[in-house]
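Visitor:
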Amino acid sequence: MQTVLVMSLIEPHVLKLTKALKSHFEQHVMNFDNTPLLLDLSLIENSQKWIDFPAVTALLSNYGLQVIGVRGGNDQQKAQARAARLAIFDGQIKDLAAMVTPTTEPAPQAMSELTPQPSPEPQVRVEYVKVLNPPMVIRHPVRSGTEPYAHASDLIVEGPVSPGARVMADGSIYIHGPLRGSACAGARGLTGARIFCEVFEPEIVAINGVYLPAERLSETPAWGKRAVVEMNEDGKLSIRAMA
Amino acid sequence: MTKVLVVTSGKGGVGKTTTSAAISTGLAEAGKKVAVIDFDIGLRNLDLIMGVERRVVYDFINVIQGDATLKQALIKHKEVDNLYILPASQTRDKDALTTEGVKQVIDELKEDGFDYVICDSPAGIEKGAHLAMYYADEAIVVTNPEVSSVRDADRMLGLLASKPRRAEIGDTPVVQHLLINRYAPNRVSTGEMLSIEDILEILAVPLLGVIPESTAVLQASNAGRPVILEKQSDAGQAYADAVARLLGEQKPMRFVEEEKKGLFARLFGK
């Protein structure tokens with residue numbers, strides 16, 4: 023699964039957006055490198071304003087954000103997006119890891135009566151939606167053919183993970199037994215997630231979608247030992263035997 | 114209280130039917146009233162192993178479809194008291210099996226005071242195997258000491274934890290037993306086969322028994338006598354031990370160490 027950043031547009035005016043983004047990125051150092059971005063138009067669906075998609079796209083690309091498409095919006099806005107060669111995403115995209123909400127001057131139609139005191143300063147608010155659930159605990163061996171997934175939490179397994187089984191978690195995975203199947207931690211983009219196990223003999227390990235198959239792993243000195251898998255700063259997986 | 118026990122494996126050819134025949138015969142010899150059902154619809158084998166193939170008139174499917182009564186279809190074993198065989202149909206396919214039909218037959222066996230109903234599962238994880246395990250209270254998972262059958266056994270153990278009725282209604286889980294079949298200690302020491310320890314480490318279930326690789330099994334199958342009746346054979350004794358363990362006795366594992374060669378054998382290389 024791929025995490026997609028979503029930006030809700032409240033004020034499509036390019037100049038205002040430019041100012042808002044500028045002030046936001048002065049306050050928050052964020053490194054986006056050609057990161058896919060989805061523009062959410064649902065807050066301005068009632069607006070008749072013309073959206074200059076090529077300009078917005080170019081503006082965002084300065085910050086390393088690559089607009090891939092839009093969701094929501096009225097028919098006119100969708101037609102404009104289509105003309106700008108953007109994809110139209112229909113339906114729900116759930117459980118977003120992060121949401122960038124540029125709250126410039128609130129759009130009159132959307133918020134006129136709901137917010138009696140609109141914030142005077144144009145600002146962009148970044149909201150990381152972090153959900154911390156208690157860990158999912160499995161008290162039996164994870165058998166071949168099963169795929170337990172710990173949504174928005176860590177996964178603890180009190181037993182072996184068999185070949186042909188796959189354990190997944192949005193957080194870290196702690197296996198108090200041998201790992202002989204596949205393990206996928208940080209499944210929705212948490213690069214700091216780790217995989218721990220007592221005997222490291224997996225089929226595949228992955229963190230944040232970066233994976234290594236057993237063919238490559240069996241050469242590591244940690245093979246067959248207590249080990250932890252983590253992601254380096256350069257985005258590569260490292261496997262380390264634990265004492 | 115009737116116990117429904119499924120003998121299953123996932124992989125074919127590991128010895129499910131041989132085990133079903135031996136365990137059911139052993140339980141009957143121990144004084145229990147036992148029915149053994151062949152769930153391998155279309156590939157009927159159990160009747161051959163039990164030596165009753167020439168007495169099959171009605172089968173499991175006939176009973177389910179109401180063409181015959183259970184009493185008409187159950188074949189009483191000639192040599193062992195209290196042992197009854199319900200053969201599979203050779204002419205139908207798995208679709209003739211239904212959950213309600215299986216329930217009806219098992220309920221009727223319970224009413225008739227059977228102590229054990231042994232369900233001999235077909236290979237695979239399709240409908241036949243599902244229905245064989247669906248009403249189970251206990252399960253014997255048969256595996257050979259090689260990686261593919263161990264992996265299939267692992268898959269089966271996972272299904273046994275989630276698919277049977279006990280799991281569906283949240284009752285206590287199906288009691289799982291592992292039976293390692295065709296074990297050859299000398300081939301384990303040369304690394305050709307997985308050891309008992311290797312298998313237990315992967316599967317992590319209690320071990321019911323280890324049946325040695327034995328020519329007695331093939332001879333018994335061909336003769337239509339469950340191998341457990343061959344009291345002198347190593348495989349027969351190993352099955353007898355497994356039955357005793359199933360009934361709660363403590364028995365040490367036999368036939369798991371390589372036989373020490375005598376002086377003459379070593380001198381003459383045999």
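Chains as they are written, first to last, in our numbering: chain U, 23 to 265; chain F, 114 to 383. C-beta atoms are modelled at their ideal positions from N, C-alpha and C, and glycine is treated no differently.
(1) Give the range of the beta strand (DSSP E) segment to which Asn294/F is assigned.
(2) My assumption, with CB atoms under 8 Å, is that Val330/F sits in contact with Ile231/F. Please give the rounded CB distance.
(3) Decide if the stretch 304-316 of chain F is in contact with the stretch 235-252 of chain U; the criterion is three or more beta carbon pairs, one per stretch, under 8 Å apart.
(4) Over what stretch of residues does the alpha helix (DSSP H) that includes Lys216/F continue unbroken?
(5) Taking DSSP as the reference, what is the three-state secondary structure of Arg147/U?
(6) Which full runs of the alpha helix (DSSP H) of 4+ residues lie inside the stretch 118-204 of chain F, going along the chain?
(7) Between Leu161/F and Asp151/F, which are expected to be in contact by the criterion C-beta below 8 Å, what is the C-beta distance as a whole number of angstroms?
(8) So for Ser275/F, helix, strand or coil by DSSP?
(9) From the DSSP output, in three-state form, read off His198/U for me.
(10) Whole alpha helix (DSSP H) runs in the stretch 217-266 of chain F with 4 or more residues, listed along the chain?
(11) Whose CA, out of Ser166/U, Leu82/U, Asp62/U, lies closest to the CA of Ala205/U?
(12) Quick one: what's got a C-beta closer than 8 Å to Val438/F's C-beta in the same chain, skipping five residues either side?
(13) With C-beta atoms as the reference, is Leu63/U less than 8 Å away from Leu31/U?
(14) Once you ignore the five residues that flank Gly226/F on each side, which residues in its own chain have a CB closer than 7 Å to its CB?
(15) Give the C-beta separation of Leu222/F and Thr115/F to the nearest angstrom, bearing in mind that I take them to be a contact with Cβ-Cβ under 8 Å.
(16) Based on Cα-Cα distance, which residue from Phe368/F, Ala353/F, Glu370/F lies nearest to Glu362/F?
(17) For the putative contact between Pro325/F and Ala348/F, defined by C-beta atoms under 8 Å, what is the C-beta separation to the nearest angstrom?
(18) Between Pro185/U and Pro163/U, which are expected to be in contact by the criterion C-beta below 8 Å, what is the C-beta distance as a whole number of angstroms?
(19) In the stretch 159-176 of chain U, which residues sit with their C-beta less than 9 Å from some C-beta in chain F, listed in chain order?
(20) Between the stretch 260-273 of chain F and chain U, which residues of the former have CB atoms less than 7 Å from a CB of the latter, in chain order?
(21) Can you say whether Met264/U is buried or exposed, counting buried as having 16 or more other CB atoms within 10 angstroms of its CB?
Guide: Let me lay it out:
(1) Within the second sequence, the letter at position 181 stands for residue 294/F. Unbroken beta strand (DSSP E) run through Asn294/F: 288-296.
(2) By one-based count along the second sequence, residue 330/F stands at place 217. By one-based count along the second sequence, residue 231/F stands at place 118. About 18 Å; that fails the 8 Å criterion.
(3) Judged by Cβ distances under 8 Å, the stretch 304-316 of chain F makes no contact with the stretch 235-252 of chain U, as fewer than three pairs qualify.
(4) Translated into the one-based positions of the second sequence, residue 216/F becomes position 103. Taken as a continuous stretch (DSSP letters only), the alpha helix (DSSP H) holding Lys216/F covers 212-224.
(5) On the first sequence, residue 147/U is found 125 positions in, with the first residue counted as 1. Unreliable placement is indicated for Arg147/U, whose pLDDT of 39 sits below 50; the coordinate value is still reported in the next sentence. Three-state result, Arg147/U: strand.
(6) 129-142, 159-163, 173-177, 183-186
(7) Within the second sequence, numbered from 1, the residue matching residue 161/F stands at position 48. Within the second sequence, numbered from 1, the residue matching residue 151/F stands at position 38. Not quite, the Cβ-Cβ distance comes to about 10 Å (not below 8 Å), so this is no contact.
(8) Translated into positions along the second sequence, residue 275/F becomes position 162. Ser275/F falls in the helix class under three-state DSSP.
(9) For the purposes of this step, residue 198/U is identified with residue 176 of the first sequence, where counting begins at 1. His198/U falls in the strand class under three-state DSSP.
(10) 240-247
(11) As a first step, residue 205/U is located in the first sequence; it is residue number 183 there, counting from the start. Cα-wise, what sits closest to Ala205/U is Ser166/U.
(12) Past the edges of chain F, shown from 114 to 383, lies residue 438/F, and the structure says nothing about it.
(13) By 1-based counting over the first sequence, the position of residue 63/U is 41. By 1-based counting over the first sequence, the position of residue 31/U is 9. Inclusion of Leu63/U and Leu31/U in the CB contact set at 8 Å is warranted, their separation being smaller than that value.
(14) As a working note, residue 226/F is residue 113 in the second sequence. Correct list, in chain order: Lys146.
(15) Residue mapping note: residue 222/F aligns to position 109 of the second sequence, counting from 1. Residue mapping note: residue 115/F aligns to position 2 of the second sequence, counting from 1. Right, their Cβ atoms sit about 7 Å apart.
(16) For the purposes of this step, residue 362/F is taken as residue 249 along the second sequence, with counting starting at 1. Minimum Cα distance to Glu362/F is reached at Ala353/F.
(17) Taking the second sequence and counting its residues from 1, one reaches residue 325/F at position 212. Taking the second sequence and counting its residues from 1, one reaches residue 348/F at position 235. So it is a contact: roughly 6 Å between Cβ atoms.
(18) The residue given as residue 185/U occupies position 163 in the first sequence. The residue given as residue 163/U occupies position 141 in the first sequence. Rounded, the Cβ-Cβ distance is 12 Å, inconsistent with contact.
(19) His162, Pro163, Val164, Arg165, Ser166, Gly167, Thr168
(20) Arg264, Asp267, Arg268, Leu270, Gly271
(21) Taking the first residue of the first sequence as position 1, residue 264/U is located at position 242. Looking at its Cβ environment, which holds fewer than 16 other Cβ atoms inside 10 Å, Met264/U is exposed.
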